[in-house]
Amino acid sequence: MAPEPVVPLVRILAGRIEMAAEIAALSGSGAVGGVVTFSGYCRDEGGRLEALELEHYPGMAEREIERIAAQAAERWPLTGCHVLHRYGLVKPGEEIVFVGCASAHRQAAFEAASFLMDYLKTRAPFWKREHLKDGTTGGWVESKDTDSAAADRWHRL
Amino acid sequence: MAPEPVVPLVRILAGRIEMAAEIAALSGSGAVGGVVTFSGYCRDEGGRLEALELEHYPGMAEREIERIAAQAAERWPLTGCHVLHRYGLVKPGEEIVFVGCASAHRQAAFEAASFLMDYLKTRAPFWKREHLKDGTTGGWVESKDTDSAAADRWHRL
Amino acid sequence: MKLVYFAWVRERIGLAEETVEPPAEVRSVEDLLGWLKGRGPNYDSALAAPEVIRVAIDHEHVDHADPIGAAREVALFPPMTGG
Amino acid sequence: MKLVYFAWVRERIGLAEETVEPPAEVRSVEDLLGWLKGRGPNYDSALAAPEVIRVAIDHEHVDHADPIGAAREVALFPPMTGG
Chain A
72 MAPEPVVPLV RILAGRIEMA AEIAALSGSG AVGGVVTFSG YCRDEGGRLE ALELEHYPGM
132 AEREIERIAA QAAERWPLTG CHVLHRYGLV KPGEEIVFVG CASAHRQAAF EAASFLMDYL
192 KTRAPFWKRE HLKDGTTGGW VESKDTDSAA ADRWHRL
Chain B
72 MAPEPVVPLV RILAGRIEMA AEIAALSGSG AVGGVVTFSG YCRDEGGRLE ALELEHYPGM
132 AEREIERIAA QAAERWPLTG CHVLHRYGLV KPGEEIVFVG CASAHRQAAF EAASFLMDYL
192 KTRAPFWKRE HLKDGTTGGW VESKDTDSAA ADRWHRL
Chain C
58 MKLVYFAWVR ERIGLAEETV EPPAEVRSVE DLLGWLKGRG PNYDSALAAP EVIRVAIDHE
118 HVDHADPIGA AREVALFPPM TGG
Chain D
58 MKLVYFAWVR ERIGLAEETV EPPAEVRSVE DLLGWLKGRG PNYDSALAAP EVIRVAIDHE
118 HVDHADPIGA AREVALFPPM TGG
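Top to bottom, those sequences are chains A, B, C and D. The letter at position 71 of the first sequence is residue 142 when you use our numbering, and the numbering goes up by one with no holes. The letter at position 31 of the second sequence is residue 102 when you use our numbering, and the numbering goes up by one with no holes. The letter at position 23 of the third sequence is residue 80 when you use our numbering, and the numbering goes up by one with no holes. The letter at position 50 of the fourth sequence is residue 107 when you use our numbering, and the numbering goes up by one with no holes.
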């Protein structure tokens, strides 16, 4: 019988993400084979960017990410699954999102982390807006067709 | 014209791998979109294991990993590529290997890190032996057919 | 029914949230978007291309063809750009 | 020619390295393995199943059919289990 899927840890936060602590928690017990992480960063856009502002839908953001993470934990044999996403102002070079998947099977950990990122991009209710160094507020970042295509590929597997 | 491939950082070391520092170095500049890491851990084998001993081929290990990492940097548009592998005694729960790939394209970072791990498993000259808690030296860990199959799939892409 | 707006939908409408009572013939998400669009130039500007608007009912994504049912909170927002 | 051995190949042969001068008819990696196998019971035990032995010449993986050429250092070892 397949073991119970692991319960993912999901956190939406305004402050920095402590990646070393997350990885340590995922690798923890002596029972883990491998941990795959993805961390997404705020780019400086050639020096123009002062900060990214991340708006989110407070009630829904956590629930939607929990749903996506629970799907990953059902689909792959994970021993740990952490998803942390920031909101508010993020400076260039700072992390925006962290996904970590632990598994005895490295391919499972890679696929689950990649799946989580594709779905976060297209389903988690967050919106980015640019604040520029010249003091103006830039536009809302537009969604990418490539992100939808990336998420769609998981239906075809 | 495609930009020059990044020069990978490869290190073979006896001590612990400072993952937070590696990730910070990879995400560094404000020009990085995403970083994918894989870290492989020493399992405790149900509490039987005292330590894994990792033998390596000193002259060749670094060169072979550099060759594999250079291939990854040619094949995917990476902005950073770090591969660190330990030798000597590794305790349960400690990391054995760390691979980190930075790219503006998250799929590239995922694929490059996965490729690196598959090739490290089958081509990097390291051998694991178990030291058990009862004081005996266990056998050499046998290589897995699944690892060869995992490496082979990159030829077919 | 509580409506909540995010990102440029919120900015164009000029409200973060409001409570509305649509008429009985507003049954689907599509109906709701059409009805809202007629409420003034700010709504018209926000919903000029209704097909790009994403909708969630009580914190779950829905399609435009889905019924509103007994929704307590309906959210309207642009395609997401998190992660 | 310097030979270096790793893991259980090293243990069974009982040496980490040695310098040998194989006869002129030993041209390929396969020839070398066959010649070494006849050097004593420790070699015979290490190379009992020569097809599983991996070989590197001057720090590069080679096939058993490859020529030894002007190799300075030939390494014999079991399939790798790093990573």
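Backbone N, C-alpha and C define an ideal beta-carbon position, used for all residues, glycine too. Just so it is clear, the structure is predicted and the values come from calculations on it, not from any experiment.
It is roughly 21 Å from the alpha-carbon of Lys192 of chain B to the alpha-carbon of Pro148 of chain A. For Ile94 of chain A, the uninterrupted alpha helix (DSSP H) segment begins and ends at 90–98.
For the pair Leu160 of chain A and Glu201 of chain A, the CB atoms are not nearer than the 8 Å cut-off. Around Val161 of chain A, no beta-carbon contact reaches into chain B at under 9 Å, the shortest distance being about 12 Å. For Glu68 of chain C, the uninterrupted alpha helix (DSSP H) run begins and ends at 64–70, by DSSP. Here DSSP, grouped into helix, strand and coil, assigns Trp225 of chain A to helix.
By the neighbour-count criterion, in which 16 or more other beta carbons inside 10 Å mark a residue as buried, Val107 of chain A falls on the buried side. Counting only residues of its own chain and dropping the five nearest sequence neighbours on each side, Cys113 of chain A has a CB closer than 7 Å to the CB of Leu123, Val161, Lys162, Pro163, Gly164, Glu165, Ile167. Contact check between the stretch 103–112 of chain D and the stretch 116–124 of chain C: fewer than three CB pairs, one atom from each, fall below 8 Å, which does not count as touching. Residues of the same chain with a CB within less than 7 Å of the CB of Glu182 of chain A, apart from the 5 flanking positions on each side, are Trp147 in chain order.
Under the 8 Å Cβ criterion, the stretch 69–80 of chain C counts as touching the stretch 91–101 of chain C, having at least three qualifying pairs. Fully contained in the stretch 123–203 of chain A are the following beta strand (DSSP E) runs of length 3 or more, in chain order: 149–157, 159–161, 166–174, 197–203. Taking every protein chain shown into account, the CB of Val78 of chain B has fewer than 16 other CB atoms within 10 angstroms, so this residue is exposed. Within chain B, no residue has its beta carbon less than 8 Å from that of Phe197 of chain A; the closest one is some 16 Å off.
Taken through DSSP and simplified to helix, strand or coil, Ser110 of chain A comes out as strand.
Within the stretch 101–121 of chain C, Ala113, His116, His118 place their CB atoms closer than 7 Å to a CB of chain A, listed in sequence order.
With contacts defined as CB atoms closer than 8 Å, Ala92 of chain B and Tyr158 of chain B fail to qualify as a contacting pair.
Not one beta carbon of chain D lies nearer than 8 Å to the beta carbon of Trp225 of chain B. Rounded to the nearest angstrom, the gap between the Cα atoms of Met137 of chain C and Arg194 of chain A is 7 Å.
Rounded to the nearest angstrom, the gap between the Cα atoms of Tyr100 of chain D and Val154 of chain B is 35 Å. Between Gly111 of chain B and Gly140 of chain D, the gap from beta carbon to beta carbon is short of 8 Å. Listed along the chain, the chain B residues whose CB falls inside 7 Å of the CB of Ala64 of chain D are Glu126, Trp198, Trp211.
Counting along the chain, the unbroken beta strand (DSSP E) around Gly209 of chain B starts and ends at 208–211. In this structure, the alpha-carbon of Ile139 of chain B lies about 7 Å from that of Tyr190 of chain B. Boundaries around Leu84 of chain A are those of the beta strand (DSSP E), 80–84, since no alpha helix (DSSP H) includes it. The beta carbon of Ala132 of chain C sits closer than 8 Å to some beta carbon of chain A. One finds nothing in chain A with a Cβ atom closer than 9 Å to the Cβ of Ala96 of chain B; even the nearest lies about 12 Å away. Assignment of Ala122 of chain D by DSSP, reduced to helix, strand and coil, places it in the coil class. The beta carbon of Asp115 of chain C is closer than 7 Å to those of Ala128, Arg129, Glu130 in its chain, skipping five residues each way along the sequence. Around the CB of Pro196 of chain B, 16 or more other CB atoms lie within 10 Å, so the residue is classed as buried.
For Pro79 of chain D, no Cβ of chain B is located within less than 8 Å of the residue's own Cβ. Taken through DSSP and simplified to helix, strand or coil, Glu82 of chain C comes out as coil. The beta carbon of Tyr62 of chain D sits closer than 8 Å to those of Ile70, Leu72, Ala73, Glu74, Ala103, Ala132, Leu133, Phe134, all from its chain and outside the five residues before and after it, given in chain order. In the three-state scheme derived from DSSP, where H, G and I count as helix and E and B as strand, Thr138 of chain D is classed as coil.
The C-alpha of Ala113 of chain D is placed about 11 Å away from the C-alpha of Ala132 of chain B. Counting only residues of its own chain and dropping the five nearest sequence neighbours on each side, Leu80 of chain A has a CB closer than 6 Å to the CB of His153.
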